[in-house]
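Peer 1: Questions regarding the structure given below will be posed in turn.
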Amino acid sequence: MENKTTRRASFKKLGMGLAAMFGIGAAARAMDGGSKPKKEVVGDIVMDQDIPLFSGGVKHGNTLYIAGKGAHVEPYEIKAHTEIVLQELEKELKKHGSSMEKVLKVNVYLADLADYKGMNEVFRGRFGPNPPVRTTVATYGGVPGNSLVEMDCIAALD
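Residue numbers are given in the numbering used here: position 80 of the sequence shown equals residue 85, and the series is strictly consecutive.
Here you go:
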């Protein structure tokens, strides 16, 4: 008889634990309106033959994704192009409620790996005392257009 009581008590505790767990989840969903974060296009949509190709920026929850920015102007010098690209990223970040200090990840694409040092001279310090993680690659065949560098980023929103 004692085994049945113990088993019954265990099942009761398990059931109460599950009910509490699901109740907490339901309460949390009710507090945030029951909605999950949704993708929101915030930048221009680039078209290719009247078909959407990619978005210039996308928000999802508290995260902002900014598409690659290049510098398609003269002079064709890495420091000048890096400065332009970083200014364009900063402008997009601010426009959508973020900042350079809130950037979590940056991808850097160089037309020529020989420009790595020059790009770094302009890049360093631009993201505050806690810089984002970064990946830097030299692209085979160059960056699209005539830019010497292209960068995209992922940033937090508050």
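Glycine included, C-beta positions come from ideal geometry on N, C-alpha and C.
Just so we're clear, the structure is a prediction, and the values are computed from it rather than from any experiment.
Using 7 Å as the threshold, is the C-beta distance between residue 62 and residue 75 below it?
Peer 2: No, Cβ-Cβ distance for residue 62 and residue 75 is not below 7 Å.
Peer 1: Relative to the C-alpha of residue 91, which candidate in 124, 51, 148 has its C-alpha closest?
Peer 2: Considering only alpha carbons, the answer is 124.
Peer 1: Provide the residue(s) that pair with residue 139 in DSSP beta bridges, ordered along the chain.
Peer 2: According to DSSP, residue 139 bridges with 111.
Peer 1: Taking only heavy atoms of the ligand SAH into account, decide whether any of them is closer than 6 Å to the Cβ of residue 53.
Peer 2: Looking for the ligand SAH in the displayed structure turns up nothing, as the structure carries no ligands at all.
Peer 1: Measure the alpha-carbon distance for residue 84 versus residue 52 and round it to whole angstroms.
Peer 2: Cα to Cα, the separation comes out at about 30 Å.
Peer 1: For residue 108 and residue 54, what's the separation of their Cα atoms in angstroms?
Peer 2: About 33 Å.
Peer 1: Would you kindly work out how many angstroms separate the C-alpha atoms of residue 118 and residue 142, rounded to a whole number?
Peer 2: Cα to Cα, residue 118 sits roughly 8 Å from residue 142.
Peer 1: Using 7 Å as the threshold, is the C-beta distance between residue 154 and residue 86 below it?
Peer 2: Yes. Within cutoff.
Peer 1: Within 10 angstroms of the Cβ of residue 146, are there 16 or more other Cβ atoms? Answer buried if so, exposed if not.
Peer 2: Label assigned to residue 146: exposed.
Peer 1: Quick check on DSSP: helix, strand or coil for residue 23?
Peer 2: Residue confidence for residue 23 is low, a pLDDT of 49 falling below 50, so the modelled location carries little weight; the figure read from the coordinates is stated next. In this structure, residue 23 counts as helix in the three-state DSSP scheme.
Peer 1: What are the residues that DSSP puts in a beta bridge with residue 70?
Peer 2: Note: residue 70 sits in a beta bridge opposite 63, 159.
Peer 1: Whole angstroms are fine: how far does the CA of residue 45 sit from the CA of residue 58?
Peer 2: Straight-line Cα distance between these residues: approximately 16 Å.
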